[in-house]
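Residue numbers (our numbering), protein chains in the order written: chain V, 260 to 572; chain Y, 692 to 1206; chain A, 395 to 671; chain H, 356 to 677. Virtual Cβ for every residue (Gly too), placed ideally from N, Cα, C. Keep in mind that this is a model prediction, so the values were computed, not measured. Below is one structure; the comments refer to it alone.
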Amino acid sequence: MKKNPLLQVSDLSVTFQTNGDTIRAVTGFSCQLDYGICTAIIGESGCGKSVIAHAILRLLPETALVTGSVQFKGKDLYSLSLEELNAIRGRQIGIIFQSPDRALNPTYRIYRQIDVPLRNHQVVPEKKRKDHILTTLRNVGFSHPNEAARLFPCHCSGGMNQRAVTAVVLSLLPDLIIADEPTKGLDSLRVSDVKSSLLKVKDEGRTLLLVTHDICLAQDLSEELLVMYAGEIVESGKTQDILQSPMHPYTRGLLKSLPENGFIRIPGSAPSYANMPSGCRFQDRCAYASERCNNNLELLNKNGRMVRCHLFC
Amino acid sequence: MVLTAAILACCCLPVMAEEKILRVATTNEVKSPAFIGDYTLGLFNHISNPPLMQMDQNGKLIGLLADHYEVSSDNTQWTFYIKENQFWSDGTPVTGDDVAFSIQMYGKSVPNAGWIGETLTDTAVDGNKVTFTFNKPYTNLALEFTSYSILPRHIWESVENPNEYTSTGPYVGAGPFYLDNVDLNAGKVIFKRNPYWKGTSPAYDAVEISWFKNEDAAAKALESGAMDTYWKYASSYPYAAVDSLKSSGTFEILEKPTSGLTFLGFNLKKEPLSDISFRDAISYAINYQEMVNIATLGYGRVPNRGFIPPAMDGYISTQAMEYNPETAKKKLESAGYKDSNGNGIVEGNDGKDIVLDLLIRNAYSREAELVKEYLEKVGIGVEIRSVEDNTWFELKDTYNYDITLTRTTPWGMLMHANWATGYFDSRRTGQGVLHTVDDPVFLELCDNILATTDTTLLNRYAQDVQNYYADNLPGIPLYWKNDITPYNKKITGWYSNPLYGIMNEFTLTGVKPVA
Amino acid sequence: MKRGRCKRTLQDISLYLCIGVITLFFILAIIPEVFAPFPENKRFIPYMDPDTVHFLGTDDMGYDIFSLLIYAARISLLIGFCAGGFSIFIGTATGLVSGYFRGWIDDLLMALTDIVLIIPKIPAIILISAFLRPSIWILILILGFFSWETTARVVRARTLQMSTSGHVLSARSLGFSSYQILISDIVPVIFPVLLPKFMLTITGAMISEASLSFLGLSDPTMNSWGRMISDAFTHGGFIREMWWWFLPPAICISGAIISFIRIGMVYEKPGQETMVE
Amino acid sequence: MGASFLSFHYLIRKIFRYLFSFVIILLVVFLLPRMMPGDPIANLVGEDVYLSPQKILELRSAFGLDSPLHEQFFVYCMKLYQLDLGYSFHMHAPVSSLLIDRAAWTLLYIGIAIVCGIIIGVGPGEKAGWESEKWWAHFLSAGAVLISSTPPYLLSLIVLVIFVYHFGWFPLKGFYDTFDITSIIHHLVLPISVLTVFYASRNFLIMRGAVLSEKCQLYPQFVRSLGIPEKDILSGHIRKNAIIPLITLIALDFGFLFSGALFIEIVFSLNGMGSLIYDAILSRDYPVLTGSFLVISVFVIMANILSDILCIVLDPRTGRNE
């Protein structure tokens, strides 16, 4: 019996209802995560990739309307009761939050922030819990873990908080880790720390979903790649294939904007979510736009590579 | 054995029999349990420790602890004859020594009895006869001695500073009731029946006087039957609450004219107030009838220029106050106060508009509003300055005002040379007095009154004083009022005198529940 | 979806209602003559019950209560607004200076705020009104002076946070004078904190004005809602259970205060935007 | 490590600041009554009594009022050193015993009200903030806003008229009729409930506001993503952050505990600290005024210091950017 994949997201779309206008943040997103491989979602900031991360664990506020299904190990997370969902949250799927300074409770020491979820999920027996926390802290890069454990978030730098958040998630030994913009706002030294800790996670055989705008990070870590634009997948496939020979004009533009490829900016800006253009959403910034582009288009399968562009149909 | 039975009987008797308590509501607050020191407790302790003299319902001085008194021809020697057969609540008889000791003690250590200490030279006790000799003549000593309670010498002689002595009771007293307990937290004073009282025995076992912080609460306590009557020193039951009290059906109203009134005082040391024609013009500007309707809700009448109300003996009728704005304007013009610049306000001889600084205590804001409106109608500007009591005393004493509104009390009217002279004589100080008149004619009149006890002479002087007020108007009375004392229909035998209202011995021994 | 929309309109209705109430009171304050059936000082028979001529009857002096109510709006609002504005001004200034310059100035100003907090208000008011002629401006000064310490604390806390934030440091590095930084950078950010604080100080001033007149310490010539209630209390209004005498001013005071607080809360929208990124 | 030294340093600076303001307050509290117009001697006797001038002089020296102000202040500080707050001539008792007796009753009725205010106010306030969409949350916060927008004396008057005047269920005055528990409870139920309603509505609003603003922070979202159930998020994480702003206010309440609720005492005819101070103001009783203001100031300062310590313990961020 074919083992069903770790995570199967099919046709997920999220719309927000804020004072009057409806914002379609994500439309028709689907992907499949298999055991042990790392998938990356890249795209401009504001293209809805963080919404997907939170939608998976049903963390969106009530004003969000979510359709589509999220199958985790064969169970649809959106039909689970809250108790069952809480058993999965953190214990099986962990999200490394984006802005670490605000993600940690300002009035608790680091030790306690790791200890509370541990005690809630009973991951490690009582007496082994202290050194489990200390080892996790050492793994994420704290040279003196018991000193770091006594610190308050406000007494730590941005990098230290980032490592603390990672430690909180990793200490629960989840099967799937979603890293939401792990390198945002960090200097290059800290970025390499983050990369090494994520690599360590991959070596332990955990599945990783990397949500980032940093293409080099995606290149080093991920096997599968999805490129998103304005809430839609425009291209998906093997990371190396896409990076060597990008097909979708947006992906090409993205790669050209890298420093090593000449720093060329894509003209124009992303369309507003309130009034999304019909058809291809990239058409008014695309060099190859034609009137074909404004009728809807599904993802076309070009021998394993998915792309949403009229050029290829 | 007999003794123990007696003690048992007397202490358990009240418990067995349903204790009949007379409950009195008041808004005079006892601030501290100091029998002599506290001002309000000083008003109540006449019940337990009767002074030498008291006033009957028509204002005539009669004996209380003392039977009668004699005065030497030069008014310096006063002899009081103490009634026989009077006992303190601890059984010892009342003697002349107690009286002598009490008066000397007041003179020594009580601030407001300083004049005794300064002028009393000798005290002689002969059985129940006590003679006081002063170094200056006094004509109204009998009146002064209606306010000094006589204390048991065998208890108070050991008290080193009586004015500061505080205890929540019980205090030994010679009256029909003795002061059993002063309870500040419960807000009441309890008098218990004096077992050794030989007079007519009171129908009640105890008298409870409860004080309230505001008049509405006191009035409500009366209406709800929690209290039997209402008493406030030198003032009436709140007029506004009379209707709702009558509608409760259980109360009768005792209405008696009182010598307490509200008047407009002038700072005679300042222009243009010192000018009699200006004051006369003002007297025509005030609408007395409306003032009576609003301030006393009809329980009063338009006053006369003679200031002294009919409630006082020696009253003569003088010309009534008249409200006539036209005459007021004409009098102002004829006195040289014209409105030359046409801005509706007359100018003084210095050419500037006359804007009078009306200084009042907070409680008089209603009357002040009316006075301001009336005076502005006839062209006199008025600025109301409302201050709290203490500030008023200081500003008034330093003559830092033009006109002011204040009140007289029955006791104040009798002060000094009687007939409200205490309020105007510039030689006297005191909280409530204006001390504005230094006209030698008036001062000489006061000294004459003080020098004689001959009643025919005193009546003539009374007429002179009232005529002086009518002619010179040192103060314009706004209204004469009647004091309302509500009493419970289920209780009869109420007796009221002008000084202390129902709080006197006749009431306390006379009242009894209707059968 | 639908529930979201109807909740929003409910909030808007309450906001528009409050703004309506405030504008009504302001109109009454500016041109009371138009609305009041009788002039302020016209007297009739005292203690009349409400009838068609006098909608709210007459008080102990015979004044028509309904007209008094309308004329009183001016004083109550004037005191509330001016005292509130005055105290906000001092509070913000102190908070900004002590929050931005820190060091000994901060200690001095904060010690001053502690002292003002602890100074007993009633004797100070008696003291001031005894020396100076008690007029409406003196009362505004007093009420304003005794209510700025909470504003100072809040503004100082916000300024402290701001002064370490990026754009303030960058402005300082570009050589802007502290005054410019305070005005152009910090004040606009602090404004959302100031508006509710401003409304709260207005209500605080109105409440203390009403309480002062209850103690009989305010100037009798100023006819405010608070004074109407305290007149009812001292002149038999409560004993005769003339609720039409003391309830309407009470409702006006509470209505005005609720509306001010509601308008102050316009900024306080529980943000949902943390998620949409 | 650096953090604890920083907050210790911050605390020391604060305590110095309070000592400095205490000295100023001592001066202000001494001078304020004495600068008020009106003469305490005049209040000793009734309105109609005649005081001869030299008797007044005698009394002034007895009061110690004849010496110049700075001398009086120096004498006062010396006596203060031995905890002697002076003697009140109006109340015929040493100030300290007066304060203790009145403070006992005030502590009783205000203490209970503050505690009930916390119990009734904080719990529901927290829930109303957490489930702010529920109808009862809107209803309760509307009620709390209504109560905190009516002047305190007005609410007590209305309560008095309804429950005492109209229905007569409660007594009119005093702490008790006869000194026993049932009578005390019967007398104090109304004033305490009015005060509790006030404290509770204020605590409710502040707690609701704090929980609302903490709810939108990122850390509750992160904790939720770790699978912690909703109620544990509220009690475990939000509460500790939300309680901080309330601490300074509750500390101030305890600080002003002894100033007594003057309006409650006037309307319900109770003689606690509030009316003691108010009467002392009207009769210019200097020793009582200075004594009571001093006691209140000491308590307010201690309450402030306590609330600073609590803030440092609860919120490590305080004092960090001093």
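Fill in: Chain-ordered residues of the stretch 460-484 of chain H with a beta carbon less than 7 Å from chain Y
Under the 7 Å Cβ criterion, the stretch 460-484 of chain H contributes W460.
Fill in: Helix, strand or coil at Q372(V) according to DSSP, with G and I counted as helix
Q372(V): helix per DSSP, three-state reduction.
Worksheet item: Looking at I474(V) and L431(V), is the spacing between their C-beta atoms short of 8 Å?
Response: The criterion of a C-beta distance shorter than 8 Å is not satisfied by L431(V) and I474(V).
Discussion item. So, under 8 Å CB-CB, L527(H) and S624(H) are touching, yes? Tell me the CB distance rounded to an integer number of Å.
Written reply: Right, the Cβ-Cβ distance comes to about 7 Å (below 8 Å), so this counts as a contact.
Discussion item. At the level of alpha carbons, what is the spacing between G474(A) and I633(A)?
Written reply: Taking the straight line from one Cα to the other gives about 30 Å.
Fill in: Nonlocal neighbours in the same chain, by C-beta distance under 7 Å from A658(H), ignoring five residues either side
Closer than 7 Å at Cβ, skipping near neighbours: A606, L607, F609, G610.
Discussion item. I want to verify the contact list: residues of chain Y whose CB lies under 9 Å from the CB of M455(A), in sequence order.
Written reply: The contacting residues are I985, R1057, E1060, L1061.
Discussion item. Quick check on V329(V): does DSSP put it in helix, strand or coil?
Written reply: Strand at V329(V).
Fill in: Inter-residue spacing [alpha-carbon to alpha-carbon] between K923(Y) and T1198(Y)
Their Cα atoms are separated by approximately 15 Å.
Fill in: Extent of the continuous beta strand (DSSP E) to which S451(H) belongs
Element bounds for S451(H): not the beta strand (DSSP E) but the alpha helix (DSSP H), 450-485.
Worksheet item: When DSSP labels each residue in this structure, what does R563(H) get in the three-state scheme?
Response: DSSP, read as helix, strand or coil, puts R563(H) in helix.
Practice prompt. Just tell me which of L454(H), A635(H), E426(H) has its CA closest to the CA of L438(H).
Written response: Ranking L454(H), A635(H), E426(H) by Cα distance to L438(H) puts L454(H) first.
Worksheet item: Does the beta-carbon distance from A986(Y) to A1019(Y) come in below 8 Å?
Response: A1019(Y) sits away from A986(Y), with the two beta carbons spaced by 8 Å or more.
Discussion item. What ranges does the alpha helix (DSSP H) occupy inside the stretch 1052-1118 of chain Y, keeping only unbroken runs of at least 4 residues that lie completely in it?
Written reply: Counting whole runs of 4 or more residues, the stretch 1052-1118 of chain Y contains the alpha helix (DSSP H) stretches 1056-1068, 1080-1088, 1101-1105, 1112-1115.
Worksheet entry | Sequence-distant residues of its chain with Cβ nearer than 7 Å to G563(V) (five each side left out) | Contacts found: G496.
Discussion item. Can you check which of these residues, E482(V), G490(V), E343(V), is closest to Q499(V) by C-alpha distance?
Written reply: Comparing Cα-Cα distances from Q499(V) to each of E482(V), G490(V), E343(V), the minimum goes to E482(V).
Worksheet item: Does the pairing of the stretch 483-502 of chain H with the stretch 634-652 of chain H give three or more beta-carbon distances under 8 Å?
Response: As far as the Cβ criterion goes, the stretch 483-502 of chain H does not touch the stretch 634-652 of chain H, which means the pair count is below three.
Item to complete: Quick one: list the residues of chain A neighbouring P929(Y), beta-carbon separation under 8 Å, in chain order.
Response: Within chain A, the residues near P929(Y) are G630, I633.
Worksheet item: Between T395(V) and T442(V), is the Cβ-Cβ spacing less than 8 Å?
Response: No.
Worksheet item: Roughly how many whole angstroms lie between the Cα atoms of G400(V) and T425(V)?
Response: In this structure, the alpha-carbon of G400(V) lies about 10 Å from that of T425(V).
Discussion item. With distance defined between alpha-carbon atoms, name the residue in K820(Y), L1047(Y), N1040(Y), L1066(Y) nearest to D636(Y).
Written reply: Here chain Y covers residues 692 to 1206 and nothing more, so residue 636(Y) does not appear.
Worksheet item: Hey, out of L1086(Y), P963(Y), P741(Y), whose CA is closest to W888(Y)'s CA?
Response: Selected option, being the one with the closest Cα: P741(Y).
Worksheet item: My guess is that K436(A) and D458(A) are in contact by the Cβ rule of under 8 Å, so how many angstroms apart are they, rounded?
Response: Between D458(A) and K436(A) the Cβ distance is about 7 Å, and since that is below 8 Å, they are a contact.
Worksheet item: Which first and last residues belong to the alpha helix (DSSP H) in which M796(Y) is found?
Response: Segment 787-800, the alpha helix (DSSP H) holding M796(Y).
Item to complete: May I ask you to list, following chain order, the residues of the stretch 1059-1088 of chain Y that have a beta carbon less than 7 Å from some beta carbon of chain A?
Response: If the cut-off is 7 Å between Cβ atoms, the stretch 1059-1088 of chain Y has A1059, E1060, E1064, I1075, R1076, S1077, V1078, E1079, T1082 near chain A.
Practice prompt. Check the Cβ-Cβ distances between G728(Y) and every residue of chain H, and say whether any is below 8 Å.
Written response: Closer than 8 Å: yes.
Discussion item. Can you check whether the C-beta of L318(V) is within less than 8 Å of a C-beta belonging to chain H?
Written reply: Output row for L318(V): interface = yes.
Practice prompt. Taking only the alpha-carbon atoms, compute the straight-line gap between T615(A) and A791(Y) and give it to the nearest angstrom.
Written response: If I take the Cα positions, the gap works out to 54 Å.
Worksheet entry | Proximal chain H residues relative to P365(V), where beta-carbon distance stays under 8 Å | The contacting residues are Y574, N596, D670, P671, R672.
Discussion item. Measuring straight from C-alpha to C-alpha, what distance separates G398(A) and L521(A)?
Written reply: With a pLDDT of only 47 at G398(A), under 50, the local geometry of the prediction cannot be trusted, and no value is derived from it.
Practice prompt. State the Cα-Cα distance for the pair I413(A) and I657(A), rounded to the nearest angstrom.
Written response: Cα to Cα, the separation comes out at about 7 Å.
Discussion item. Within a Cβ cutoff of 6 Å, which residues of the same chain sit near H507(V), ignoring the five residues on either side of it in sequence?
Written reply: Answer for H507(V): V493, E494, V566, C568, listed in chain order.
Item to complete: Report the rounded CA-to-CA distance for K1022(Y) versus S968(Y), giving the unit in angstroms.
Response: One C-alpha to the other measures close to 7 Å.
Item to complete: Could you confirm whether any beta carbon from chain Y is found closer than 8 Å to the beta carbon of F371(H)?
Response: By this cut-off, F371(H) is not an interface position.
Worksheet item: If you follow the beta strand (DSSP E) that T471(V) is part of, which residue opens it and which one closes it?
Response: Here the beta strand (DSSP E) through T471(V) covers 466-471.
Practice prompt. Since I believe N978(Y) is in contact with Y1014(Y) (beta carbons under 8 Å), could you give me their beta-carbon distance rounded to a whole number of angstroms?
Written response: The pair is a contact, with the Cβ atoms about 5 Å apart (cut-off 8 Å).
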